Structures are given as C-alpha cells and as structure tokens.
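Each remark here refers to the structure printed beneath this line.
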Amino acid sequence: MPTATTEQHDVLIIGAGLSGINAAYRVQTETKRDYTILEGRASMGGTWDLFRYPGIRSDSDMNTFSLPFRVWRDAKSLADGPAILDYIKTTAAEFGIDRHIRYNTKVKALSWDSSTSRWTVTVETNGQTQQLVARWVLSASGYYRYDAGYLPEFPGRASFKGPVVHPQAWPEDLDYKDKRVAVIGSGATAITLVPAMLERGAAHMTMIQRSPSYYMMLNREDTFSRVVRNTLPEGFAHTLLRFLYAARTLLFFFACQAFPKFFRGVLQGMAAKQLPKSIPVDPHFTPSYNPWDQRLCVAPGGDLFECLRSGKADMVTGHIEHFTDKGILMKDGQHVNADIIVTATGLQMELLSDITITVDGELVKLGERYAWQGQLLEGVPNLSIIIGYSNLSWTCGSDVCARMVCKLINEQDKTGKDVTVPEADRTQLQPKQIMSLSSGYFQRAKGRIPMAGNKAPWAPRENYFRDLFALYFGSTRDSLRSYASGTARPVSAAAKKTQ
C-alpha cells in the first residue's frame, strides 16, 4: 500500500514519444496541474528512436504529422526518422518538457482506489519497484509492442543460410552491400526499405507480398507549402497548412469510402503508368480490399516504381511455401534467391504496453470496455489512452485526446468534482471496431483493444474536424459522471454486463 511518503503527482504521462511530448505541452499550457513523464526506455522519441532500419520516414505529410504548436520548417513533405527524432528532442528542450521525463521507468500496473480517488502506479526502474500516486494517468505509449514485431511462422526458416532480420530489431552492423535482399511484406516499411537499401548499395531487392497495397505518389518536396510559409506569418501558415492538408486527406478518405470502385480504378491507373511492362498491375497492384480499408502506402517521388523500372527490384505476389538454404520457395513453384531476408511483416498491436489495470481490485480487460471519444475507458476513472487516427496523421488524433483531457481537468477544477468516469448505457449501444481497418495487425488485436459504439460519444473517431468541434463546443457531461473524491464509486464491469 502507498504510504504518506509515496510520491504524489497530479498527472502521470506514460511515454516520451511524439504523443507524450504533445500531451505534456498541453497539460503544461492548458491546465494548472503538474506532470511527470514516465519513459520505459533510455531516451525519448518513441517510434523514431526505436526504429533504425534504412530509410525510415513518416508516411503522413509533415503539415499534419508535426505538432500543432511547433512549426515544421523542413521542405520535405515526408520526413526521415532522424529529422523527426531531432524535432521531438528540440521541442521538448524548447518548452522545458525534457526536465519532466524519467527514463528507464517502465509502468507495470495501475490500481484505482475509490476511497482516495487516486491511481497507484507501480513502476520498475533499473530492477527496483516503486509506487507513485496520481490523480490522472495519460497513456501515450503508442499502439504496438516495442520489444518485438509480428513474425509469423515460416517453415524451413532454420535452413536459410543468411541473416533473417525484422525491421523492429534492425542490426546496426548488417552488411547488405552487393547482396540480394528479399523483403516479405507490402506495407509502409517494405516499400520504404526497397528504394532505401538499393540506394545504400544492395545489389537487388525482391518484394514478396501475399496481398498487394494501394499506392499514392507524393512529391519529395512540397512547393505549395513552401510558398505559403514564405508568404504568410510562420505560425499562421503552420496552422493554415495543417487544416488544409487535413481537409484534403479526409476528403479523399470519405470519397474512397463513398465510391470505392471508382477510386480503386484511379489508384490502379496511377500505378500502371509508373510500372515497366514486365510487371503487370494484376496481381501485383490489385488488392483484395477497397481503398482505405487499410492505410494507403506512400511512395515519395514514386521511388518504389523507379526501382522497379530500373530492373534492380521486382515483385512476387503469392504465398510462401517455405524457406530454403538459398532463399524462399513460393507455393506456385517460383524460387526467390536471396542472401538476406527481411521480414517486414508488421507490428503487434497493443495498448497500455502490458500494464495491468484494476479498479477497486477488479481487473480491467480492455477488450470488454467501450471507449468514450475513443480514449476514456468505460467504468475507469481519470485514465486516458491517447490514440491517433488511422485515416489521418496520428498526431492530429493524439492532440485532440490530450486537449480533451485538459478540458476535463479544468472542468474538475472549476466544479470541485475531481473524478470523471465514462458510463455507457449498453442497452443503447452496438459494438463496433474502434478503428475501421482491415489491416492484419488490427485484426490480430481484436478482443484486446477497446470497443467503439454505434453512436456518439462512443462512435469511432474518423473525422478530425468533428472531433475539434466536440472539443470546443461538446458537452463534458454526455455519458460522463463526475464526483468529488471519496463520495462515489465507478459502476463495476460485472454490473455493466447485466445491463
């Protein structure tokens, strides 16, 4: 049990990546609460410090991916990993956020006690366990496991003579110069690796995909953004570009949802114009799903297609039979010769990083709870899981989450009711996916992530502008119950199941 000497905090933020730094800035500037960031690794940056594979970059434009309160000045429309990491670090230093970070501090458990209306946060630091107490907890730890990516079982893997590497654990000393490399996967990582490894000296790249993706080609540099920035005051230009590019992306998303057959043809036609005659659209660029059922892949400057036209890269579409000592045998009998195999097979989706959550001793199972506004768990007080968008830059969604928490905190300070807990009328809700994706990593996580409902404020978050409207003008009472410390308890999950 925590004692009188246990550290007391207003807000504990889990994770010092882009979302965590953003949340810290919002708490720092929009509330009167103190905060501490708990980072399990030895450095800040999250994804952009963890991933070290060649060519790592954003797959969203930087006008929307950058933080809303700090201008992105680089001319590149899609930034590389080191540039984003530097942006995170300099932002944290500029606003004094870096002084609030505790490194090598992994959160193991969250326990809510209604008698004190506080969270007891169990952390592990350098092998030592400690307990902290907080009024609010914000999890900005991302949506995937950091310690291991997703790796399906490939028959015969042990027979392959060369290195088999996963992008999430990229060896710094991997020598691929003048080597033939097979990349398994068709997502953002795979299409980044092919041109990046060729540029750095690989002899030949083969991209092996079970299911193709849709591709968008973006210019490497954004002339329109540069003109706007050179013409208008910097801060205003940054905000204007953020809204314009968010609107552009969402309009395209909703258009694809409304007219999938038409936009399937448009995207396949764009790919066909870029391809050499030796690589047909069908089957290599003919996905089995509609545009935006999964995130679109972005090829800056059409770099992937340039590699295919050069003859230094090719594509194989089909199912893997097994690894051999010299490469990969496909089920159709084709053999892909390789010196190195890269398994760009995706992430293991996970919220709250294996943290055990209890409310008054009752275990909270994420997959059994609805999420209010996509972030507050039904029946769980003063806890936010900061989640971004799947159809727009992650940062836009995580910022809305952080600002909504600040709004709730300020409402608590105004009313003296310092506990806020979402309560769903389950008789009026039908469960839906929290994100409308058919991606493998999302489907594998079903049952382990919160549910959305079929109506607001429990509906999936897919519209940045609607969420901004709810942030500024929406009610903080819709499906939320607020009370003063020690005067009430959340409705238990067991009680909810009977509703």
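Take any residue in the sequence shown, count from 1 to its spot, add 411: that is its number in the numbering used here.
Glycine included, C-beta positions come from ideal geometry on N, C-alpha and C.
Since the structure is predicted, the reported quantities are computational estimates derived from the model, not experimental observations.
G646 lies in the beta strand (DSSP E); which residues open and close that run? Note, G646: premise wrong, no beta strand (DSSP E); alpha helix (DSSP H) at 645 to 669.
Taking 8 angstroms as the cut-off, is the C-beta of M628 nearer than that to any heavy atom in the ligand HEM? Inclusion of the ligand HEM in the displayed structure is not the case, the ligand content being empty and no account of it being possible.
I'd like the list of long-range same chain contacts for Q745, defined as Cβ closer than 7 angstroms, with 5 residues on each side in sequence excluded. V727
Pick from N701, C718, I495 that is closest to T458, judged by C-alpha positions: I495
To the nearest angstrom, how far is the alpha carbon of A551 from that of A755? 25 angstroms
Go to D693, then tell me how far its alpha helix (DSSP H) extends in each direction, as first and last residue. 692 to 695
Using 10 angstroms around the beta-carbon of P702, count the other beta-carbons present and answer buried if the total reaches 16, otherwise exposed. buried
Comparing C-alpha positions only, which one of I796, L777, R452, S850 sits nearest to N515? R452
Given G507 as reference, the closest of D491, R837, I448, L879 once Cα atoms are compared: I448
Checking 9 angstroms against the spacing of the C-beta atoms, do N581 and R481 come in under that value? Note that residue 581 is Trp in the sequence shown here, rather than Asn. Cβ atoms of W581 and R481: not closer than 9 angstroms.
With 16 other CB atoms within 10 Å as the buried threshold, where does A435 fall? buried
Whether I752 touches P574 by CB criterion (9 angstroms): yes
Count the other CB atoms, across all protein chains shown, that sit within 10 Å of the CB of V638; report buried if there are 16 or more and exposed otherwise. exposed
Where I424 sits in the DSSP three-state scheme: strand
Return the first residue and the last residue of the alpha helix (DSSP H) that W523 is part of. Segment 516 to 524 is the beta strand (DSSP E) holding W523; no alpha helix (DSSP H) there.
Return the chain-ordered list of same chain residues with a C-beta closer than 7 angstroms to the C-beta of T887, the five sequence neighbours on each side being excluded. K818, L819, E822
Euclidean distance between Cα positions of Y781 and L661: 25 angstroms
Touch check for the segment 527 to 547 and the segment 789 to 806: three-plus C-beta pairs under 8 angstroms? yes
Pick helix, strand or coil for D736, following the three-state DSSP scheme. coil
Rounded C-beta distance between A427 and I512? I'm assuming under 8 angstroms. 5 angstroms
For the segment 861 to 908, list the alpha helix (DSSP H) runs that are entirely contained and at least 4 residues long, ordered along the chain. 875 to 884, 904 to 908
What number of angstroms, rounded off, separates the C-alpha of I424 from the C-alpha of T502? 17 angstroms
Hey, out of E418, L787, I766, whose CA is closest to A520's CA? I766
Let me make sure I understand the geometry here. Which of K672, N433, N748, L585 has the alpha-carbon closest to that of Y700? K672
From I602 to Q844, what does the alpha carbon distance come to, in whole angstroms? 27 angstroms
Neighbourhood of D743 by C-beta distance below 7 angstroms, restricted to the same chain and skipping five residues each side: G729
My understanding is that V548 touches E418, with C-beta atoms under 8 angstroms, so please give their C-beta distance in whole angstroms. With a Cβ gap of about 14 angstroms, V548 and E418 do not count as contacting.
3 or more residues per run - each beta strand (DSSP E) lying fully within the segment 442 to 530: 446 to 449, 516 to 524
Here's the rule: buried if 16 or more other CB atoms are within 10 angstroms of the residue's CB, otherwise exposed. What is R611? exposed
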